[in-house]
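End of the sequence shown sits at 290 in my numbering; the numbers just go up one at a time, nothing left out.
Where is the CB? At the ideal position from N, CA and C, for every residue including glycine.
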Amino acid sequence: MAEESLQAAVVHNYGGPEQVVMERVPCPKPKAGEVLVRLKAAGVNPADWKARAGYMKQFRPLTFPWIPGLEGAGVVDVAGPDVTSLKAGEAVYGPIGGSYAEYAVAPAKDLYPKPKDLSFEEAASVPVGALTAWGAVIQTANVQPGQRVLVQGGAGGVGAFAVQLARWKGAHVIATSSGANVDFVRSLGAETVVDYQKEKVEDVVKDVDAVIDTVGGEVLERSLQVIKRGGILVTIAGSPDAKAAEARGVRATRAGRADAAALQQISELLESKKVRPVVGKVFSLAQAGQAQELSQTGHGRGRIVLRIGD
Ligand SMILES: NC(=O)c1ccc[n+]([C@@H]2O[C@H](COP(=O)([O-])OP(=O)(O)OC[C@H]3O[C@@H](n4cnc5c(N)ncnc54)[C@H](OP(=O)(O)O)[C@@H]3O)[C@@H](O)[C@H]2O)c1
């Protein structure tokens, strides 16, 4: 059963990774429709360090003290009033706010049974990446069998799922990555992987049906050049230039994370091994600041994960 207080990685002020400190804080109590989860692992997302650095303070200011974390996996400790779908002792995963902690509360409707062959670390690496890729590839681009799809940033926490989901849909997948990740991205199902350190993808790829951009900035801007008329540019990492897109006869739009309900189908894909999780570097909860520092580099493979507890 939950303790009165718990260990968490806590932030008190906007700033660098040194702002992430370990502290004991009161244990939250689940309200109606919520469960308290004893976390075993948490995913580390770029949004965590961006929020800590104050990049989102204009439109989503933090309330301090703030516990970072958007996703995790663990065991239901206490089910709140009215919760019948989950019971204490069940292994679950899903979007969980404040997951850099030993315990956190989450809406029961957002949590799904942990796919049985996945470790807690693997399960914690899935929700944000897979749901965002689902939002982009399935819901927004609506990728169809036989289409040619370019995933910009195929090695990342979102990109690795975007490649796999587009492949699962029967698309011919092209992706970009650094040289160190080319073979890895190919292993996820990309037929062609362009090393962006050696060549510009727009010099070697033309007339794709869809681009899924997870990089933003200049990469997003240049992506328009590879799409055929009538195609679509979907970005999760910026705002596309609507005028430039229109001039090329391309639909350009942003996409966000799909509702947690999509984890039902994502769980099935994981169980049937049509899609696999990709855990990057694993840190302890006490190393959360270092984990964010690594995330901040914008390079790596799969999702960085915090291991929590024993
Ligand atoms: N809109 C939303 O709802 C939403 C949700 C999740 C994430 N995001 C945003 O989407 C972005 C990606 O998130 P993530 O979780 O996938 O990040 P991540 O796990 O840190 O992955 C970023 C990836 O980008 C690759 N990369 C860097 N520069 C590149 C370039 N010039 N060309 C191609 N690939 C490049 C890196 O691969 P190499 O190591 O091979 O360079 C790395 O694997 C972040 O900005 C994040 O904030 C938005």
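Near ligand 1: residue i beta-carbon under 8 angstroms from a heavy atom
i: Pro26; result: yes
i: Gly134; result: yes
i: Ser275; result: yes
i: Ala160; result: yes
i: Val117; result: no
i: Tyr(-6); result: no
i: Tyr176; result: yes
i: Gly49; result: no
i: His152; result: no
i: Val188; result: no
i: Gly74; result: no
i: Arg256; result: no
i: Thr194; result: yes
i: Thr112; result: yes
i: Arg166; result: no
i: Gly69; result: no
i: Val285; result: no
i: Val1; result: no
i: Arg32; result: no
i: Ser157; result: yes
i: Gly282; result: yes
i: Arg234; result: yes
i: Gly137; result: yes
i: Gly52; result: no
i: Arg237; result: yes
i: Gly109; result: yes
i: Gly77; result: no
i: Val55; result: no
Integer Cβ distance of residue i from residue j, believed to fall under 8 angstroms
i: Ala27; j: Glu101; result: Going by Cβ atoms, the distance from Ala27 to Glu101 rounds to 19 angstroms, so no, they are not a contact pair.
i: Val17; j: Gly69; result: That belief does not hold up - the Cβ atoms of Val17 and Gly69 are roughly 11 angstroms apart, past 8 angstroms.
i: Ala113; j: Val285; result: Wrong, their Cβ atoms sit about 17 angstroms apart, outside the cutoff.
i: Gly133; j: Thr156; result: 7 angstroms
i: Arg32; j: Gln272; result: 7 angstroms
i: Val117; j: Val123; result: 5 angstroms
i: Ala71; j: Leu19; result: At roughly 11 angstroms, the Cβ-Cβ gap does not stay under 8 angstroms, so Ala71 and Leu19 are not in contact.
i: Ile216; j: Ala235; result: 6 angstroms
i: Val125; j: Ala151; result: It is Pro, not Val, that sits at residue 125 in the sequence shown. Yes, they are in contact, since the Cβ atoms of Pro125 and Ala151 sit about 7 angstroms apart, within 8 angstroms.
i: Val206; j: Val181; result: 6 angstroms
i: Ala(-11); j: Leu265; result: 6 angstroms
i: Asp189; j: Arg128; result: 5 angstroms
Within-9 angstroms CB hit, residue i to chain B
i: Ala88; result: Absence of chain B from the displayed structure is noted, only one protein chain being present.
Close-in-space but distant-in-sequence residues of the same chain around residue i (CB under 8 angstroms, 5 per side omitted)
i: Gly159; result: Asp175, Gln177, Lys178
i: Val(-9); result: Gln(-1), Val0, Val1, Arg32, Leu42, Phe44, Pro45, Trp46, Ile47, Pro48
i: Val143; result: Val131, Gly134, Val153, Ala155, Val165, Leu168, Gly169, Ala170
i: Ala88; result: Gly13, Glu14, Val15, Ala59, Gly60, Val63, Ser65, Leu66
i: Ala222; result: Ala232
i: Cys7; result: Ala(-18), Glu(-17), Glu(-16), Ser(-15), Leu(-14), Leu16, Tyr83
Cβ shell of residue i (< 6 angstroms), same chain only, five flanking positions each side left out
i: Pro95; result: Ser247, Leu250, Glu251
i: Trp29; result: Gln272, Ser275, Gln276
i: Lys208; result: Asp187
Cβ-heavy atom distance, residue i to ligand 3, below 8 angstroms
i: Ile216; result: With respect to ligand 3, the structure shown offers nothing to examine, as its ligands consist of ligand 1.
Close beta carbons around residue i, own chain, < 7 angstroms, minus the five adjacent residues each side
i: Arg147; result: Val153, Gly169
i: Val199; result: Gln132, Asp193
i: Asn161; result: Ala135, Arg281
i: Gly115; result: Ala235, Gly236, Arg237, Ala238
Write down every uninterrupted run of the beta strand (DSSP E) in the stretch 200 to 234 whose length is 3 residues or greater and which is fully enclosed by it, in chain order.
207 to 215, 231 to 234
Just list the beta strand (DSSP E) runs in the stretch 109 to 197, keeping only unbroken ones of 3 residues or longer that don't cross its boundaries, in chain order.
128 to 132, 152 to 157, 172 to 175, 188 to 193
Sequence ranges, beta strand (DSSP E) only - wholly within the stretch 257 to 287, length at least 3:
259 to 264, 283 to 287
What are the uninterrupted segments assigned as alpha helix (DSSP H) that are 4 or more residues long and contained completely in the stretch 0 to 47, given in chain order?
26 to 33
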